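One structure is given below, encoded as structure tokens.
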Amino acid sequence: MSTTTTFSNDVSRILDKYETLTADVTLTGADSGKTFLISGTGYTVTLPAPSAGLKFKFVVSAAFSTDTVVQTPSDNRDILNGGVIVNGAIVEADAVDKVTFEDGAESIGDFVEVSSDGTNYFLFGNGNASGALTVGEI
């Protein structure tokens, strides 16, 4: 009969950090790892210069009255790559500047995640309704 030995390390559980967008904002490296909730009024969110390991998430938590735009910094355009799934279709982001949560097409739970390798930002997300998320140039 064999003996099973199990090892366990102490693990510190850390809760995700959530923040509700309340105004236009330029994020910093200190905001990395946060989930930003979108509701009420749309805002413009400017990402910091790319740096390896930066990661941000944006989630629709309630209907909003104007578009919410997540954009690359003005001195780092054409660095947003990847794609989002919108109403079951893939929308490619190939060296674009922004992703927009479109007013009137949003659903609670629509989201995008943005991460950086130090040179580019990589985009992934999902929008339930047709036209919920768009990508493009500024």
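In this note's numbering, the protein residues as written are -17 to 120. The C-beta atom is built at its ideal place from N, Cα and C for all residues, glycine as well. Quick caveat, the model's predicted, so the values are computed rather than measured.
Rounded C-alpha distance that separates residue i from residue j
i	j	result
residue -12	residue -3	Its pLDDT being 48, under 50, residue -12 is placed unreliably in this model, and the value from its coordinates should be taken loosely. If you take the alpha carbons of residue -12 and residue -3, they lie about 26 Å apart.
residue 120	residue 57	12 Å
residue 92	residue 6	20 Å
residue 96	residue 80	11 Å
residue 35	residue 63	16 Å
residue 82	residue 54	12 Å
Nearest to residue i (by Cα), restricted to the options the options
i	options	result
residue 60	32, 109, 10, 67	32
residue 10	37, 25, 22	37
residue 107	6, 70, 44, 54	70
residue 72	110, 8, 51	110
residue 204	19, 15, 8, 51	Since the first residue shown for the chain is -17 and the last is 120, residue 204 is missing from the structure and cannot be characterised.
residue 67	117, 15, 14	117
residue 102	21, 25, 76, 8	76
Bridge-paired residues (DSSP) for residue i
i	result
residue 72	67
residue 33	In the DSSP output, where bridge partners are listed per residue, residue 33 has none listed.
Limits of the unbroken beta strand (DSSP E) element including residue i
i	result
residue 108	103 to 109
residue 44	37 to 46
residue 26	26 to 28
residue 1	-1 to 2
residue 98	93 to 98
residue 115	115 to 118
residue 9	Residue 9 -> no beta strand (DSSP E), and no H or E assigned at all.
Rounded Cβ spacing between residue i and residue j (contact assumed at less than 8 Å)
i	j	result
residue 17	residue 41	6 Å
residue 74	residue 115	Actually they are not in contact, since the Cβ atoms of residue 74 and residue 115 sit about 12 Å apart, beyond 8 Å.
residue 78	residue 51	The Cβ separation is near 12 Å, so there is no contact.
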